[in-house]
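Written out below as structure tokens is the structure these notes cover.
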Amino acid sequence: MPLIPMKSLLEAGVHFGHRTRRWHPKMRPFIFTERNGIHIIDLQQTVGKLEEAYNFVRETVADGGLVLFVGTKRQAQETVLQEALRAQMPYVSNRWLGGTLTNFRTIRSRIDYMIKLEERQTSGELDKLPKKEALMLTREMQRLQARVGGLKEMRRLPKALFIVDVRHEENAVAEATTLGIPIVAMCDTNCNPDPILYPIPSNDDAIRAVKLITAKMADGAIEGRNLRGVMAAEAEEAGTPVAGASSYQPTASMNANARKAAPSGSA
């Protein structure tokens, strides 16, 4: 049984590509036909590629790895944020900052500074400062939250990226490719799928299509995390360490955010 029924893919408009004049020739294998000047994606291939991507995400997280969810265009922002929180994975839903991956040490230092400002605000320390200074630090904290807030729990490089629209996120693709980090991505008919290890042929502009595919990738991460928990329990009982990329455990703040995002659910 497919991860997503064909009917659901059709209803979400996953099969609608771009106008034929905007196509990328390397997407030819994933195109079923052309209708009224628009390429129609072969959903049989979407089903197969979706399952491959899901299994990869699940195994990556089960091995202790993080999957960074990336979607900064308007149609993807809210879905990427909600589904990443539900899966307790890091995300970028606003502008991609240059060096997010290739200069992660610097990015991490900004995240740590943001966390310190949040702690100072929570403790009431900022309220004791002169009003002008407190306002300046509060604005700096808010600016950092908007830019790197989704990376707060990412203390190391991710083991994979899930991207909505590789053309729009070309900088993220370039950085991941430079570092050899595998990419799972929704690939529309105007995309070059070559840099993508697990391309999912799909309309990447329709909000319903973005929600459907992104939610399924989040489901894969959740299943992987659950498997990780089972393996950890079995290893503890046997007195042996858990094999995998790391001993990643979601923090309390991430768990709290996930509970807030829970209503988004999976499609």
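Residue numbers for the sequence shown follow my numbering, beginning at 24 and rising by one.
Yeah, the Cβ is synthetic: ideal placement off N, Cα and C, and Gly gets one too.
- Under the rule that a run must span 4 or more residues, the alpha helix (DSSP H) segments found entirely inside the stretch 208 to 266 read 230 to 261.
- Measuring C-alpha to C-alpha distances from I138 to each of T125, T212 and E176 identifies E176 as the nearest.
- Beta bridge pairing from DSSP links Y136 with no other residue.
- Your pair T83 and G247 checks out as a contact, with CB atoms roughly 7 Å apart and the cut at 8 Å.
- The C-alpha of R190 is placed about 22 Å away from the C-alpha of L32.
- Taking N194 as the centre and dropping the five residues before and after it, the same chain places the C-beta of W119 and G121 closer than 7 Å to its C-beta, in chain order.
- Taken in chain order, the whole alpha helix (DSSP H) runs of length 4 or more contained in the stretch 95 to 122 are 97 to 110.
- G40 places its beta carbon less than 8 Å from that of D211.
- For G172, the closest of T123, I245, L235 and H38 by C-alpha to C-alpha distance is T123.
- For G71, the enclosing alpha helix (DSSP H) has its first and last residue at L66 to A85.
- With 16 or more neighbouring CB atoms inside 10 Å of its own CB, M112 falls in the buried class.
- Boundaries of the alpha helix (DSSP H) harbouring V171: K154 to V171, taken from the DSSP string.
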